[in-house]
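Q: The structure follows.
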Amino acid sequence: QVQSLLQDLHLLLKEINNYENLKLFRMLTFKFYMPKKATELKHLQCLAEELKPLEDVL
């Protein structure tokens, strides 16, 4: 389950960092101005950062 979650988070992070997809970039930027969405995105980014060392080990 952890491996599956890690793969999903890795794909999500890859899409977030893909600035060539301008529509997705604008959508994510817009969400930063909506408090509930910004909180959720912040938690996902924090989780992705915390799981990075685990990904390196695996």
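What the sequence shown shows, in the UniProt record's numbering, is residues 1 to 58, in sequence order. Note that CB positions come from ideal geometry on N, CA and C, so glycine has one too.
(1) Would you mind sorting M34 into buried or exposed? The rule is 16 or more other CB atoms within 10 Å of its CB.
(2) Assuming contact is defined by CB atoms lying nearer than 7 angstroms, are E55 and L6 in contact in what I supplied?
(3) Is it the case that the Cβ atoms of L9 and L51 are separated by a distance below 7 angstroms?
(4) Cα-Cα, which of L44, Q3 and V2 is closest to E15?
A: Per the coordinate set shown:
(1) Start at 1 with the first residue of the sequence shown, and residue 34 comes out as number 34. With a pLDDT of 42 at M34, under the threshold of 50, the predicted position of this residue should be treated as unreliable, and no value is reported.
(2) Your numbering for residue 55 matches position 55 in the sequence shown. Your numbering for residue 6 matches position 6 in the sequence shown. Closer than 7 angstroms, so yes.
(3) Counting from 1 along the sequence shown, the entry for residue 9 is found at position 9. Counting from 1 along the sequence shown, the entry for residue 51 is found at position 51. Going by C-beta atoms, L9 is nearer than 7 angstroms to L51.
(4) Against the sequence shown, residue 15 aligns to sequence position 15. It is L44.
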